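Visitor: FYI, the numbering for the sequence shown is 7 to 207, going by the working numbering.
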Amino acid sequence: MLLNRIEYWAMNNPLRGFVQRHYEAPRLKRLSGSAADNVLEIGCGQGTGARIIYDLFAPQKYVGIDLDPRMIRRARAKASALPNATFLEGDVTDLGFPDASFDLVVDFGIVHHVPNWKDALAEVHRILKVNGEFLFEDLCVETWERGIGIPFKKLADHPYEQMFRKREFTDKLEALGFDVETHEDSPFSFYHFWGRAGKLS
Ligand SMILES: C[S@@+](CC[C@H](N)C(=O)[O-])C[C@H]1O[C@@H](n2cnc3c(N)ncnc32)[C@H](O)[C@@H]1O
């Protein structure tokens with residue numbers, strides 16, 4: 007789903023980049039165990055994630071995809087100097103890359119926007135190499151049931167009817183053939199979870 011005006015503003019705000027760089031990305035990096043020559047970022051947004059991924063993982067090649075053409079334009083403008091970085095308009099549920107194309111897939115807060123999220127996770131599994139990694143930082147049903155998630159629920163457009171609980175997300179990853187490690191916290195009473203899924207088969 008495309009972001010509404012409020013969330014589009016929130017995601018293209020310097021504060022979002024600060025949180026992503028100094029809070030979310032380092033803890034994903036700490037979970038990561040493998041080399042990441044070939045990286046795909048799903049829902050890459052305005053390109054901040056790309057710059058962080060280059061700083062932390064030093065990929066040989068990076069592809070960022072996003073459903074929103076405005077985000078892709080912003081990302082190309084912002085991150086055009088990164089070597090071998092490509093930004094493409096696309097849908098995570100139908101990636102179009104060959105099987106086993108990437109060593110690492112990164113999700114900074116996108117899968118909770120996808121109504122058919124099981125298809126998205128299946129695509130991530132398909133395009134990863136065996137022993138490749140999926141690093142995720144995301145929101146789920148629990149986010150909107152407590153704390154400041156309750157008033158925030160009205161501000162953002164999300165596919166709430168189809169959204170997963172954290173356990174459903176991890177169960178699906180395990181069913182696909184991933185070994186999964188997750189963590190969760192609630193800074194300022196805003197629940198979210200993050201983790202690593204290693205492709206076993
Ligand atoms: C909450 S924003 C996060 C953006 C960026 N990753 C960040 O952390 O700032 C979610 C992003 O996912 C994109 N998105 C939503 N549904 C998508 C889909 N089915 N396929 C690819 N991107 C999608 C949106 O356009 C948006 O840029």
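Beta carbons are placed, not taken as given, at the ideal position from N, Cα and C, and that holds for glycine. Please read all numbers here as calculations on a predicted model, not as lab measurements.
Would the beta-carbon of residue 164 be found less than 6 Å away from any heavy atom of ligand 1?
Guide: False, no ligand heavy atom lies under 6 Å from that Cβ.
Visitor: Under DSSP, the alpha helix (DSSP H) around residue 119 begins and ends at which residues?
Guide: Looking at the DSSP string, residue 119 is not in any alpha helix (DSSP H), and its letter there is neither H nor E.
Visitor: Taking a contact to mean a Cβ-Cβ separation below 7 Å, would you say residue 8 touches residue 74 in this structure?
Guide: Result yes, Cβ atoms of residue 8 and residue 74 sit closer than 7 Å.
Visitor: What's the call for residue 197, buried or exposed, on a 16-neighbour Cβ count within 10 Å?
Guide: It is buried - the Cβ of residue 197 has at least 16 other Cβ atoms within 10 Å.
Visitor: From the DSSP output, in three-state form, read off residue 98 for me.
Guide: If DSSP states are grouped into helix, strand and coil, residue 98 belongs with coil.
Visitor: Since residue 74 sits in a beta bridge, which residues does DSSP pair it with?
Guide: DSSP lists no partner for residue 74.
Visitor: Following a CB-centred definition, is residue 169 positioned closer than 6 Å to any heavy atom of ligand 1?
Guide: No - ligand 1 has no heavy atom lying nearer than 6 Å to the Cβ of residue 169.
Visitor: Quick one: residues in its chain with C-beta nearer than 7 Å to the C-beta of residue 59, no 5 flanking neighbours on either side, listed in chain order?
Guide: 45, 47, 65, 68 and 112, listed in sequence order.
Visitor: Could you check whether the Cβ of residue 73 sits closer than 6 Å to any heavy atom belonging to ligand 1?
Guide: Yes; taking the cut-off as 6 Å, the Cβ of residue 73 has a heavy atom of ligand 1 nearer than that.
Visitor: Does the pairing of the stretch 179-197 with the stretch 93-108 give three or more beta-carbon distances under 8 Å?
Guide: Output reads no: the stretch 93-108 does not touch the stretch 179-197.
Visitor: Can you tell me whether DSSP reads residue 164 as helix, strand or coil?
Guide: If DSSP states are grouped into helix, strand and coil, residue 164 belongs with coil.
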